[in-house]
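Heads up: the structure comes next, in structure tokens.
In my numbering, the protein residues as written are 89 to 592.
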């Protein structure tokens, strides 16, 4: 059952990491935006995004690395685990070289000649670009070590490493404020130093605690072919995902300039913060889904998919509702003077991520099965079509919100296609999924919206801050009650109660 002790314990460590990172992240984002200014913040967001655009190789191989390491651990095959780690590390070295070549040719040309950037900041732009490339390269080499820590379910270590990262980010803010130097250049250099330090910490930890992480050059043509075949189809899906996220950011730059890149960047930061609530939970569950499938416990793996899809949505719904229904006040409290369109971008990005949270465990189910060719071709093609659809809508109507409408529509269709694929791949029962996951979600959301517009929205109070607090408490309380009595079943309720009692 989803409520295993391992998942519960790992979730606690990950939530500790999340609250720490979230608090510091919100503070540093505000200081960085105010220190850099809206235009330079937008410049960093779009230029750094170009580097990420070349990371589709890394994204594909990252999911493959996580899958195969977890699979080998699930089969308790230590020899194969060491071979997998060495093979994936070799592949990541190769990916780093490919990304470097692309970034220093196509990427450099695009940044200097195609993006809509202020001419007087081009020297700083190239500083940002080069240090963003270096930061990204260290992130690529870090993937196998990070994946091994997660596959081994050492979430406490993952949390401790985040403490170092948080301390470094606070130092960045302090240095940005006190050092009299070009803030945009300085910010890029400092972020590179963080990436270097974190990569070093994870590498040393793995070498000390995991024998399988000891590197020796390993090349098995057939096994490497299996890894690349799996990641090759993942590559298609990841190209589509990166093209959608960074491609839409580029479209906003080409149509509207760097100010809307700043708005998009803020929306993505908010999305990133709230997503950690669910990603931490799913990070604890995902290795179990793959390991149970690898061990032959396919019914248990399916049960984990059903339960984590539903609970992921409810966790995200609890967090996003107070933000969505108080978005203007939250942004003004956080950033003082948010860039134009930020409120609408935040609302639409959070609606989109609510749909995505249901899909997350379904994606892991497909990875556990392994034969993902047609799954990635169909889903990836649909996601990729989001980019030309966004371009067409912007060309016809010149409204930046339409970018998010296209993303939401495509994600909604993708959810149902994933359900259909998993019926054939791992025998997911569509009727059970609709009844136990989707209908419960629909009931909870519908009843909450009725309560909100009939009662909660009519709450009045003199102070804006107290009104925000009262509305947020009412929103969260009503959602908790609806989720507890309608959204989850008796077994899940019993586990939650016993888990709370153990921790009090």
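Think of the CB as a built atom: it goes at the ideal place given N, C-alpha and C, for glycine as much as any other residue.
Note that this is a predicted model, so its numbers are computed, not measured.
Sequence-distant Cβ neighbours of residue 418 in its own chain, meaning closer than 6 angstroms and more than five residues away, are 411. The beta carbon of residue 349 lies closer than 7 angstroms to those of 130, 133, 134, 337, 340, 341 in the same chain, with the five residues before and after it left out.
Residue environment: residue 128 is assigned as buried (16 or more neighbouring CB atoms within 10 Å of its CB, all protein chains considered). Within the model, the alpha-carbon separation for residue 390 versus residue 377 is close to 8 angstroms. Taking 9 angstroms as the cut-off, the Cβ atoms of residue 157 and residue 235 count as close.
For residue 383, there is no enclosing alpha helix (DSSP H), as DSSP marks it with neither H nor E.
With contacts defined as CB atoms closer than 9 angstroms, residue 326 and residue 449 fail to qualify as a contacting pair. The continuous stretches of alpha helix (DSSP H) do not include residue 488, and DSSP gives it neither H nor E.
Counting the other Cβ atoms within 10 Å of the Cβ of residue 380 gives 16 or more, which makes it buried. Considering only 164, 140, 298, 356, the residue with the shortest C-alpha distance to residue 113 is 356. By the CB criterion at 9 angstroms, residue 362 and residue 408 fall inside the cutoff.
Per DSSP, the unbroken alpha helix (DSSP H) holding residue 232 starts and ends at 210-239. Inclusion of residue 257 and residue 414 in the CB contact set at 9 angstroms is not warranted, their separation being larger than that value. Cβ-Cβ distances below 7 angstroms link residue 180 to 149, 228, 229, 231, 232 in the same chain, with the five nearest sequence neighbours on each side left out; the list follows chain order. Residue state for residue 250 is assigned as helix, using DSSP reduced to three classes. Taken through DSSP and simplified to helix, strand or coil, residue 260 comes out as helix. In terms of CA proximity to residue 443, 495 leads the group 261, 315, 475, 495. Residue 128: member of the alpha helix (DSSP H) spanning 126-141, first to last residue. In the DSSP assignment, residue 456 falls within the alpha helix (DSSP H) that extends over 430-457.
Straight through space, the alpha carbons of residue 482 and residue 488 are spaced by roughly 7 angstroms. Here residue 446 is near residue 401, since their CB atoms are less than 9 angstroms apart. The alpha-carbon of residue 246 is positioned some 27 angstroms away from that of residue 585. Per DSSP, reduced to three states, the secondary structure at residue 205 is coil, with no helix or strand assignment. Per DSSP, the continuous alpha helix (DSSP H) segment holding residue 540 begins and ends at 527-542.
When rounded, the separation of the alpha-carbon atoms in residue 202 and residue 323 is 26 angstroms. Proximity of the segment 195-215 to the segment 269-280 meets the contact definition, three or more beta-carbon pairs being nearer than 8 angstroms. In this structure, DSSP gives residue 282 a helical state, which the three-state scheme calls helix. Fewer than three Cβ pairs drawn from the segment 553-569 and the segment 383-399 lie within less than 8 angstroms of each other, which leaves the two stretches out of contact. In this structure, the CA atom of residue 199 is about 8 angstroms from the CA atom of residue 138. In the structure shown, residue 517 falls within a coil segment according to DSSP collapsed to helix, strand and coil. Comparing C-alpha distances from residue 576 to each of 475, 524, 328 shows the shortest one belongs to 524.
CA-to-CA, the gap between residue 503 and residue 451 works out to about 10 angstroms.
Counting only the Cα atoms, residue 287 lies some 18 angstroms from residue 299.
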